[in-house]
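Numbering (the working numbering), first residue to last: 13 to 148. Built from N, CA and C at the ideal position, the CB exists for glycine as well. For reference, the structure is listed below as structure tokens.
If you want it as structure tokens, here you go:
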């Protein structure tokens, strides 16, 4: 079973998405505060991180940028902010994808599964070549 850390301050959104993903064999740990996200991610070493942008304590863009230097797993931003500049900034800061909260749950699931598969393939290739799969 894959494990995701979902950093989302809206409790209703967090629980709805976590429940939907759990039905599809993805374990979700929801963290409502941005300033606690990095420690949780580095401690639990999830298979993927799903981040909102507007968070209390520390915003998702900053978390993405800071985390990318210490953790190499997939980071996906899930947000209501729909501007070209935010899309570009997120991808430049190291996010693998930028998904709007209006995206249907089945499409969100498909995109998360895509990133999980790609990450697993990358880890397997690195293990085969003797490299470390994730930076500690």
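When you compare each of the options to residue i by their alpha carbons, which one comes out closest?
i           : options          : result
residue 37  : 106, 53, 16      : 16
residue 111 : 126, 92, 22      : 92
residue 72  : 85, 105, 23      : 105
residue 119 : 84, 29, 130      : 29
residue 70  : 98, 21, 114, 136 : 21
Using 10 angstroms around the beta-carbon of residue i, count the other beta-carbons present and answer buried if the total reaches 16, otherwise exposed.
i           : result
residue 100 : exposed
residue 81  : exposed
residue 124 : buried
residue 140 : exposed
residue 59  : buried
residue 23  : exposed
residue 79  : buried
residue 50  : buried
Rounded to a whole number of angstroms, what is the C-alpha to C-alpha distance between residue i and residue j?
i           : j           : result
residue 117 : residue 54  : 27 angstroms
residue 103 : residue 122 : 19 angstroms
residue 48  : residue 138 : 30 angstroms
residue 134 : residue 128 : 10 angstroms
residue 108 : residue 76  : 10 angstroms
residue 68  : residue 14  : 26 angstroms
residue 130 : residue 83  : 16 angstroms
residue 94  : residue 64  : 12 angstroms
residue 31  : residue 56  : 20 angstroms
residue 74  : residue 66  : 10 angstroms
Apart from the five residues just before and just after residue i, which ones in its own chain have a Cβ nearer than 6 angstroms to its Cβ?
i          : result
residue 33 : 40
residue 62 : 16, 18, 88, 90
residue 45 : 68, 69
residue 86 : 60, 108, 127, 131
Tell me, please, which residues DSSP counts as bridged to residue i.
i          : result
residue 60 : 16
residue 91 : 112
Below 8 angstroms CB to CB, which residues in the same chain sit around residue i once its five sequence neighbours on both sides are set aside?
i          : result
residue 27 : 42
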